[in-house]
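Engineer:
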Amino acid sequence: MPHNVPKASNLTHTEELKTTFKHHDADGDGKLSREELKKAFQKLDSRFPGWRASKALQHVDTNRDGSISFDKEMDALVKYVMEIMGVKKLNGGAQMSMVHFKKWLSAFDNNNDGKISQEELTEAFRITGMWFSGWKAQRAMKFVDSDGDSLIDIESEIEKLAEFVEKNLHVKIIKP
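Counting from 1, one number per residue, gives the positions in the sequence shown under the UniProt record's numbering.
1) Under 7 Å between the Cβ atoms of T19 and A40?
2) Closest to L77 by CA distance: which of E166, I152 and K31 is it?
3) Assign S150 to one of three DSSP states: helix, strand, or coil.
4) Which residue's Cα is closest to the Cα of K175: L37, K55, E35 and A162?
5) What would DSSP say about K175, mapped onto helix, strand or coil?
6) Compare the Cα-Cα distances from residue 200 to each of D153, S97, T62 and D71 and report the closest residue.
7) Pick out whichever of S54, S67, S46 and L44 has its Cα sitting closest to the Cα of D25.
8) Give the DSSP-derived three-state secondary structure of M98 in the structure shown.
9) For my contact list, L37 and V81 are in at a C-beta cut-off of 8 Å; report their separation, rounded to the angstrom.
10) Can you tell me the Cβ-Cβ gap for I116 and F108, rounded? I've got them flagged as a contact below 8 Å.
11) Consult DSSP for S33 and reduce its assignment to one of helix, strand or coil.
12) Using alpha carbons as the reference points, say which of I158, N168 and D29 lies closest to F70.
13) Decide if W104 is buried, meaning its Cβ has at least 16 other Cβ atoms within 10 Å, or exposed.
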């Protein structure tokens with residue numbers, strides 16, 4: 001896994017990320033300072049949380065007040081964290097390694113069973129800003145689910161999902 005990136009296993013859902021960040025608003029002002037961001041990134045197991053907090057402020061703090069506002073900048077912060085996990089976007093033009101793809105997808109395995117439901121896949125697609133994420137997840141499920149259990153096994157069906165993503169979402173998955 002690249003340096004400075006939160007471990008995928010700790011990031012299971014966008015709401016959990018938002019909750020983590022909101023929990024670190026120590027002074028309760030509805031904003032995250034650099035120090036509060038640093039502590040949140042520590043909680044998310046980032047290797048260099050201070051540096052990561054500074055980079056997040058550079059990317060997300062649109063009004064340049066030195067903090068991340070919950071009501072105006074939280075979605076951008078969550079999207080940024082997902083981006084640093086190894087995917088820039090899933091609407092075409094992106095590329096990632098198979099290892100990153102697997103780790104990124106595992107972040108949405110809410111019950112840690114090694115399988116992705118259609119709902120979890122929809123959330124994975126949605127967080128990237130993809131349009132029609134539910135419909136695309138449904139199509140992916142039909143293409144990938146070889147055993148008919150309505151789940152995508154991250155180990156045995158990942159190659160087929162990568163094939164679908166490359167063909168239909170125009171994301172290059174670099175295989176070892």
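Here a beta-carbon is modelled for each residue, glycine too, at the ideal position from N, C-alpha and C.
Note that the coordinates shown come from a computational prediction; the quantities given were computed from them, not determined experimentally.
Structural biologist: Let me lay it out:
1) It is not a contact, given that the beta carbons lie outside the stated cut-off.
2) Per the Cα distances, K31.
3) Reduced to three states, the DSSP call for S150 is coil.
4) Measuring from the Cα of K175, the nearest candidate turns out to be A162.
5) It is coil, neither helix nor strand.
6) Look at the range of the chain in this structure, 1 to 176, and you will see that residue 200 is not part of it.
7) Here the closest residue by C-alpha is S67.
8) Three-state DSSP puts M98 in a helix.
9) That belief does not hold up - the Cβ atoms of L37 and V81 are roughly 11 Å apart, past 8 Å.
10) The C-beta separation of I116 from F108 comes to about 6 Å, placing the pair in contact by the 8 Å criterion.
11) The DSSP-derived three-state label of S33 is strand.
12) If we check each option's Cα against that of F70, D29 comes out closest.
13) In the assembly as shown, W104 is a buried residue. Its beta-carbon has 16 or more other beta-carbons within 10 Å.
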